[in-house]
Amino acid sequence: MKPPGEGLEKPWNDFEPSLHFAYTVTNNFTDYIKTYVSGCTLDVNQNHFNDSRVIVATELVRIGKLGCRVRVLYTDMDAGIKTKLTGAKNITLRQLYDVSANNVKTSDGTPREVLTHSKHFVYSGNFNGTVRKMVLTGSHNLSKNSLRYNDENLVKFYSDALWQAYHDNFEKGWAQSLNDG
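Okay, so the sequence shown: first residue is 35 according to the working numbering, each after it adds one.
Have a look at this one:
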């Protein structure tokens, strides 16, 4: 594999040096989703999804075009990412930012804000020629700071039980979120 900058598209949109693993992890996950199988789903739960990570949005659009259902649950999303994903085939966006009166109250009696702080991808479908369930999770946001400056982790799990737990967590947030249309 060539290092970033030698003819390969980078997961960032500037020319600052980055660690090679940031490129490799992104591509090792999305590049192996190449074929649609019935029931294919990709649920993305991200607190921040910034314009600096447009390659991730591009990959979500590509996966949606394959026929996979892609759902993105977020708290903050930059305008460029939202524009790219809104109306794309098989992609639905929802924002989780709930300040409803029935939430747990803060010390001054106002409703507590409920948002997603999760950072995970929950996938079920064909991955590198094998139909499987998998979770990609860690401390990362989809932002420039996470890619460039922070000490983040990102791990991939192949476990039906773990997939189910992350799927259930995603569904809970999805049910509480605001539909983007």
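Virtual Cβ for every residue (Gly too), placed ideally from N, Cα, C.
Three-way DSSP call (helix, strand, coil) for asparagine 124 in this model: coil
By how many angstroms is the C-alpha of alanine 91 removed from the C-alpha of isoleucine 115? 6 Å
For tyrosine 200, does the three-state DSSP call read helix, strand or coil? The three-state secondary structure of tyrosine 200, taken from DSSP, is helix.
Cβ-based neighbour list, leucine 196, same chain, cut-off 6 Å, excluding 5 preceding and 5 following: For leucine 196, where only same-chain residues beyond five positions count, the Cβ hits under 6 Å are Val169.
By alpha-carbon positions, which one of Thr64, Gln129, Phe161 and Gly163 ends up nearest to valine 106? Comparing Cα-Cα distances from valine 106 to each of Thr64, Gln129, Phe161 and Gly163, the minimum goes to Gln129.
Got a sec, what are the start and stop residues for the alpha helix (DSSP H) leucine 119 sits in? Run containing leucine 119: 113-119, per the alpha helix (DSSP H) assignment.
Alpha carbon of glycine 163 to alpha carbon of threonine 69, nearest angstrom: 8 Å
Closest by C-alpha distance to tyrosine 157, when choosing among Thr117, Tyr66, Ser193 and Thr75: Thr75
Answer yes or no: do asparagine 79 and histidine 154 have a C-beta to C-beta separation smaller than 8 Å? Yes, the Cβ-Cβ distance between asparagine 79 and histidine 154 is below 8 Å.
Alpha helix (DSSP H) segment containing threonine 164, residue limits: From DSSP, threonine 164 is part of no alpha helix (DSSP H) but of the beta strand (DSSP E) over 164-172.
Starting from the C-beta of valine 95, find all residues in its chain whose C-beta is less than 6 Å away, skip the five residues before and the five after it, and write them out in chain order. Ala122
Endpoints, the beta strand (DSSP E) within which leucine 94 is located: Careful: leucine 94 lies outside any beta strand (DSSP E), inside the alpha helix (DSSP H) at 88-100.
Chain-order list of residues whose beta-carbon lies under 6 Å from that of threonine 126 (same chain, five-residue window excluded): Arg105
Give me, in chain order, the residues of the same chain whose beta-carbon lies closer than 7 Å to that of tryptophan 98; leave out the 5 immediate sequence neighbours on both sides. A quick correction: the sequence has glycine, not tryptophan, at residue 98. Within the same chain, Cβ atoms closer than 7 Å to the Cβ of glycine 98 are found at Val104, Ala122, Lys123, Asn124 and Ile125, the five residues on either side in sequence being excluded.
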